[in-house]
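A.B. asks: If you count by the numbering used here, then the sequence shown holds residues 628 to 993, one letter each, in order. Cβ atoms here follow ideal geometry from the backbone N, Cα and C, with glycine treated the same way.
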Amino acid sequence: MSNAATNNRNSRIDILRVVSMYMIVTCHFIYHGIRNVTEGDTFPDLGFSASLTGGINFFLCQLLGYLTNIGPNLFILITGYFLIKPRNFRYATQKALHLWLVIVFYGLTSLLVASLLTNGKAFSYQELLDSILPIWSRQYWFMSMYIPLLLLSPFLATGASALEKRDYQWLLLVLFILNFSISGIGYGAIFLGPVPLPFYIFVFLIGGYFRLYGCQTRFFKYGIYIYFFGYLALAAAATVAQLHYTPAGTFPHIKGMANNSITLFMSVLFFAWTISLPQKETRLGQWAINMSPYILGVYLIHDNPLIRPLLWNNLIHPKEYIQQPFLIPYCLATSIVVFAVCIGIEWLRATLSGFISAHITKGHVK
628 MSNAATNNRN
638 SRIDILRVVS
648 MYMIVTCHFI
658 YHGIRNVTEG
668 DTFPDLGFSA
678 SLTGGINFFL
688 CQLLGYLTNI
698 GPNLFILITG
708 YFLIKPRNFR
718 YATQKALHLW
728 LVIVFYGLTS
738 LLVASLLTNG
748 KAFSYQELLD
758 SILPIWSRQY
768 WFMSMYIPLL
778 LLSPFLATGA
788 SALEKRDYQW
798 LLLVLFILNF
808 SISGIGYGAI
818 FLGPVPLPFY
828 IFVFLIGGYF
838 RLYGCQTRFF
848 KYGIYIYFFG
858 YLALAAAATV
868 AQLHYTPAGT
878 FPHIKGMANN
888 SITLFMSVLF
898 FAWTISLPQK
908 ETRLGQWAIN
918 MSPYILGVYL
928 IHDNPLIRPL
938 LWNNLIHPKE
948 YIQQPFLIPY
958 CLATSIVVFA
968 VCIGIEWLRA
978 TLSGFISAHI
988 TKGHVK
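1) So, helix, strand or coil for I881, using DSSP?
2) Could you tell me the distance, in whole angstroms, from the CA atom of F702 to the CA atom of Q753?
3) Could you check the C-alpha separation between I983 and I902 for me, to the nearest Å?
4) Take M884 and list the residues in its own chain whose beta-carbon comes closer than 8 angstroms to its own, dropping the five residues that flank it on each side.
5) Helix, strand or coil, according to DSSP, for I916 in the structure here?
6) When the distance is taken between beta carbons, is S676 closer than 8 angstroms to G912?
7) What does the Cβ neighbour count give for S678, buried or exposed, with the cut at 16 atoms within 10 Å?
8) Going residue by residue through the segment 685-750, where are the continuous beta strand (DSSP E) segments of at least 3 residues, counting only ones entirely within it?
9) Pull the bridge partners of I987 from the DSSP assignment, please.
10) Within a Cβ cutoff of 6 angstroms, which residues of the same chain sit near S780, ignoring the five residues on either side of it in sequence?
11) Name the one or two DSSP bridge partners that I809 has.
12) With a 10 Å radius around its C-beta and 16 neighbouring C-beta atoms as the bar for buried, classify Q843 as buried or exposed.
13) Going by the beta-carbon positions, is the gap between Y733 and I970 smaller than 8 angstroms?
14) Whole angstroms are fine: how far does the CA of F685 sit from the CA of Q756?
15) With DSSP run on the structure shown, which of helix, strand or coil describes I949?
16) At the level of alpha carbons, what is the spacing between A592 and L954?
17) Out of curiosity, what's the CA-to-CA distance linking L896 and L790?
18) Would you grab the beta carbon distance between F847 and W914 for me? Rounded to a whole angstrom, and I think it's under 8 angstroms.
19) Among I809, S771, V830, which has the Cα closest to the Cα of L798?
20) Assuming P713 and A784 are in contact, meaning their beta carbons sit under 8 angstroms apart, how far apart are those beta carbons, in whole angstroms?
21) Within a Cβ cutoff of 8 angstroms, which residues of the same chain sit near L904, ignoring the five residues on either side of it in sequence?
22) Relative to the alpha-carbon of I774, which residue among R793, A749, H725, S808 has its alpha-carbon at the smallest distance?
23) Following the continuous alpha helix (DSSP H) through H659, name the residue where it begins and the one where it ends.
24) Sorted by chain position, which residues of the same chain lie with C-beta nearer than 7 angstroms to L690's C-beta, five sequence neighbours on each side aside?
25) Give me the residue from P823, H944, F855, Q796 with the minimum Cα distance to F837.
26) Cα separation between F803 and N746?
27) Assign G981 to one of two classes, buried (16 or more other C-beta atoms within 10 Å of its C-beta) or exposed (fewer than that).
28) Starting from P671, follow the alpha helix (DSSP H) in both directions and report where the run begins and ends.
29) Just mark W763 as buried or exposed, buried being the case when its beta carbon has 16 or more other beta carbons within 10 Å.
30) Given I642, which residues of its chain have a CB within under 7 angstroms of its CB, disregarding the five upstream and five downstream residues?
31) Which term fits C869, buried or exposed, when burial requires 16 or more other beta carbons within 10 angstroms of its beta carbon?
32) Look at G698 and I651 and say whether their C-beta atoms are less than 8 angstroms apart.
33) Given this structure, state the Cα-to-Cα distance separating N634 from K907, to the nearest angstrom.
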């Protein structure tokens, strides 16, 4: 990227993009590595209540789970912030098609790797079909929502830009009412499903609102404190309730709040606080800008449904450290390693893809 382009770019948003994806990896350590949310509502005894160390780790895991649950929302807020300026449909289709090809590439590559590591047990024709049709099969729930959102983005942006500020605010209020959900209360419980596209359209438009009308610093300068201490209080309450007031035979489990209105509120606070910070040219910002094109690859690699159990259950083994005082440092450190390795893999894929594309183009020119 040229220096001119870099200077005109809001590096705070790129730093936030990196932070949001790191949050997602850390969140998966908690919810896939320890809780195993993909196994349904079965909560075996993981041993958290067996000792003081286990109890402390339960509280810290619950806190970290809440804090990192905002990662997907942050990513969509960033998308809305960048794409709310109207672009033509061709731009959106090219972006969506490119992303779809990358998803298929990682789906097929993951199937090959998993099949080799399991002596062919991971392979099936259904898995092959799911890898070729990742959106239809919902192989990645986030991508099954994100690509349609990209295709809709030119129309959402055009419609939002045509609204007066007050009408835009009314639109957000209506969408808030339709998407409100806390513990099954609200219309969100009706409209939200496995791929909650209406909810993320709402989040997209919130991000766009901040781009079009700015952020009132006085309202959000304390947002980071509300975010942290709010989740601290919720984690403490959940820990006390589960370790001391659960029925006999019921084991403590780490709770999540994905697509919950509390999570959305905290996401907006964190996002608004970030963009209200003074813009400064820093080495960290430049590093984040350079890393930005490869961020989605982190998700596509580490959260592929075939790679996920191999990563958390066979390689990292989070459950083995539940009684260890270094569980949380281990979580943060391994999440950094997973993030960095995935960035490296995606950089290599993008570099080779660019080289091959340039070579083919050069051949056609001749």
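C.D. replies: A quick look at the data gives this:
1) Position 254 of the sequence shown holds residue 881. The answer is coil: DSSP assigns I881 none of H, G, I, E or B.
2) Sequence index remark: in the sequence shown, residue 702 carries index 75 (1-based). Sequence index remark: in the sequence shown, residue 753 carries index 126 (1-based). Each residue's alpha carbon lies about 30 angstroms from the other.
3) Position 356 of the sequence shown, counted from the first residue, corresponds to residue 983. Position 275 of the sequence shown, counted from the first residue, corresponds to residue 902. Each residue's Cα considered, the two are about 38 angstroms apart.
4) Here the question's residue 884 lines up with position 257 in the sequence shown. Result list for M884: Y693, N696, T890, in chain order.
5) Here residue 916 refers to the residue found at position 289 of the sequence shown. Helix.
6) The residue you call residue 912 lines up with position 285 of the sequence shown. The residue you call residue 676 lines up with position 49 of the sequence shown. Not closer than 8 angstroms, so no.
7) On the sequence shown, position 51 is the one that residue 678 refers to. So S678 ends up on the exposed side.
8) none
9) Position 360 of the sequence shown, counted from the start, is the residue given in the question as residue 987. Answer by DSSP bridge pairing: none, since I987 is not bridged.
10) Residue mapping note: residue 780 aligns to position 153 of the sequence shown, counting from 1. L710, A719, listed in sequence order.
11) If you number the sequence shown from 1, residue 809 lands on position 182. Bridge partners of I809: I812.
12) Counting from 1 along the sequence shown, the entry for residue 843 is found at position 216. Exposed, by the Cβ-count rule.
13) Position 106 of the sequence shown, counted from the start, is the residue given in the question as residue 733. Position 343 of the sequence shown, counted from the start, is the residue given in the question as residue 970. In this structure, I970 does not lie closer than 8 angstroms to Y733 by Cβ.
14) In the sequence shown, the residue the question calls residue 756 occupies position 129. In the sequence shown, the residue the question calls residue 685 occupies position 58. The sequence shown places Leu at residue 756, not Gln. Each residue's Cα considered, the two are about 39 angstroms apart.
15) If you number the sequence shown from 1, residue 949 lands on position 322. Here I949 sits in coil by DSSP.
16) Nothing can be reported for residue 592: it is not among the residues displayed for the chain, which extend from 628 to 993.
17) Numbered from 1 along the sequence shown, position 269 holds the residue referred to as residue 896. Numbered from 1 along the sequence shown, position 163 holds the residue referred to as residue 790. Distance between the alpha carbons of L896 and L790 is about 24 angstroms.
18) Start at 1 with the first residue of the sequence shown, and residue 847 comes out as number 220. Start at 1 with the first residue of the sequence shown, and residue 914 comes out as number 287. So it is not a contact: roughly 25 angstroms between Cβ atoms.
19) Within the sequence shown, numbered from 1, the residue matching residue 798 stands at position 171. It is V830 whose Cα lies nearest to the Cα of L798.
20) Locating residue 713 in the sequence shown gives position 86, where the first residue counts as 1. Locating residue 784 in the sequence shown gives position 157, where the first residue counts as 1. With a Cβ gap of about 4 angstroms, P713 and A784 count as contacting.
21) Position 277 of the sequence shown, counting from 1, holds the residue named residue 904. Correct list, in chain order: R639.
22) Reading the sequence shown from its first residue, position 147 is the one you call residue 774. Answer by Cα proximity: H725.
23) Counting from one through the sequence shown, the residue named residue 659 turns up at place 32. From DSSP, H659 is part of no alpha helix (DSSP H); its letter is neither H nor E.
24) Numbered from its first residue, the sequence shown carries residue 690 at position 63. Closer than 7 angstroms at Cβ, skipping near neighbours: Y858, L859, A862.
25) On the sequence shown, residue 837 is found 210 positions in, with the first residue counted as 1. Nearest option by C-alpha distance: Q796.
26) The count along the sequence shown starts at 1 and reaches residue 803 at position 176. The count along the sequence shown starts at 1 and reaches residue 746 at position 119. About 49 angstroms.
27) As a position in the sequence shown, residue 981 is number 354, starting the count at 1. Classification of G981: exposed, given that the 10 Å Cβ count is below 16.
28) As a first step, residue 671 must be located in the sequence shown, where it is residue number 44. Where P671 is concerned, there is no enclosing alpha helix (DSSP H), given that its DSSP letter is neither H nor E.
29) Against the sequence shown, residue 763 aligns to sequence position 136. Exposed: under 16 other Cβ atoms inside 10 Å.
30) Residue mapping note: residue 642 aligns to position 15 of the sequence shown, counting from 1. Excluding residues within five positions, the ones whose Cβ falls inside 7 angstroms are L911, G912, A915.
31) On the sequence shown, position 242 is the one that residue 869 refers to. In the sequence on display, residue 869 carries Gln and not Cys. With 16 or more other Cβ atoms within 10 Å, it is buried.
32) In the sequence shown, counting from the first residue as 1, residue 698 sits at position 71. In the sequence shown, counting from the first residue as 1, residue 651 sits at position 24. Result yes, Cβ atoms of G698 and I651 sit closer than 8 angstroms.
33) Position 7 of the sequence shown holds residue 634. Position 280 of the sequence shown holds residue 907. Interpretation of N634 is limited by its pLDDT of 49, a score under 50 that renders its predicted location unreliable; the figure taken from the coordinates is listed afterwards. Answer to the nearest angstrom: the Cα atoms are 10 angstroms apart.
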